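Peer 1: Got a structure here, written out as structure tokens. Questions coming.
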Amino acid sequence: PHARERPASLIKLLLSLVVTRELSPTSTITATQDDANQPATRVGLMPGASYTVTDLIDALLMKSGNDVAYALATQLGGLPVATQKMDALANQLGALDTRAATPSGLDGPGMSASAYDLAVIFRAAMTNQIISTAVQTKTLQLPASNGQPAVSVTNENSLLMGDYSPKYPGEIGGKTGFTTDAQHTYADAATQNGHRVALIMMRNPDNLPNVYKNARELLDFGFQLDAAKLHLYQPRGLVRW
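Reading the sequence shown from the start, the letters are residues 430 to 670 in this note's numbering.
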């Protein structure tokens with residue numbers, strides 16, 4: 430559980446927790462060209478358009494936009510300040526294997542997290558109403574602003590959306606991630622019979638349909654353990670909370 434791996438975009442859960450603590454959910458952020466130019470996955474922020482912090486958290490967690498992560502990190506004081514705040518919060522939560530080299534989860538020197546840490550961070554994130562609502566949202570429109578068009582955002586989590594895999598019974602949301610170094614990473618949670626089970630997967634080299642197949646089997650296994658009142662490993666609620 431404490432093996433240090435690359436977290437990929439699961440680190441955005443930690444960024445979102447920092448943002449909800451530091452920024453007003455109704456305050457607005459005006460996107461810049463630097464935001465729009467961020468590499469890899471982007472939501473499609475329009476330079477000059479203004480978005481609320483809540484809208485940006487939704488987009489950050491639903492579609493894992495690196496443009497959104499950059500915009501939020503800039504608002505926190507810039508990338509170095511944002512990652513320092515992320516590391517400080519991880520330490521406060523007891524996630525001592527975590528080092529945020531980038532706010533987006535793109536690989537960088539020293540970037541690391543463990544399955545244990547990400548379970549702790551995910552658990553904290555899912556108790557935050559803004560974040561838990563974001564990961565359960567299937568689609569949204571970032572509104573048009575300053576002459577720029579609206580931006581459509583669709584959730585990438587297949588156990589919620591039912592594209593690569595049927596929707597999981599009791600699904601309450603999660604977060605996807607991928608980089609070349611990290612491979613597929615995934616956090617997800619569901620509720621059945623009044624109990625929640627969460628999973629963290631790291632360094633999964635499989636294709637996406639099999640990633641979600643693995644996830645379904647792990648959630649099934651967690652609920653079977655719960656029904657039998659057996660818990661293989663349960664510090665800080667890794668299996669159940």
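All residues carry an ideal CB built from backbone N, CA and C; glycine is no exception. Predicted model only: the values in this text are computed from it and were never measured.
Determine the extent of the alpha helix (DSSP H) in which M475 is found, giving its start and end residues.
Peer 2: Counting along the chain, M475 falls outside any alpha helix (DSSP H), and DSSP gives it neither H nor E.
Peer 1: Taking the alpha-carbon of I629 as reference, which of G606, N622 and N639 has the nearest alpha-carbon?
Peer 2: Considering only alpha carbons, the answer is G606.
Peer 1: So does the segment 505-516 actually touch the segment 432-450, counting three or more Cβ pairs closer than 8 Å?
Peer 2: With the cut-off at 8 Å, the segment 505-516 and the segment 432-450 touch.
Peer 1: Can you give the Cα-Cα distance for Q621 and P634, rounded to whole angstroms?
Peer 2: About 29 Å.
Peer 1: Apart from the five residues on each side of it in sequence, which residues of its chain come closer than 8 Å, Cβ to Cβ, to L695?
Peer 2: This structure leaves residue 695 out entirely; the chain is present only between 430 and 670.
Peer 1: Can you tell which of D610, S594 and L654 has its C-alpha closest to the C-alpha of G537?
Peer 2: Here the closest residue by C-alpha is D610.
Peer 1: Who are S541's beta bridge partners in DSSP?
Peer 2: Bridge partners of S541: R528.
Peer 1: Select from G506, T470 and A553 the residue whose C-alpha is nearest the C-alpha of L489.
Peer 2: When only C-alpha atoms are compared, the closest one is T470.
Peer 1: So for N495, helix, strand or coil by DSSP?
Peer 2: N495: helix per DSSP, three-state reduction.
Peer 1: Which two residues bound the contiguous alpha helix (DSSP H) that contains Y641?
Peer 2: Looking at the DSSP string, the run of the alpha helix (DSSP H) that includes Y641 is L637 to A656.
Peer 1: Ignoring anything shorter than 4 residues, give me the alpha helix (DSSP H) runs that lie fully in the segment 545-592, in order along the chain.
Peer 2: Within the segment 545-592, the complete alpha helix (DSSP H) runs of at least 4 residues are 558-565 and 587-590.
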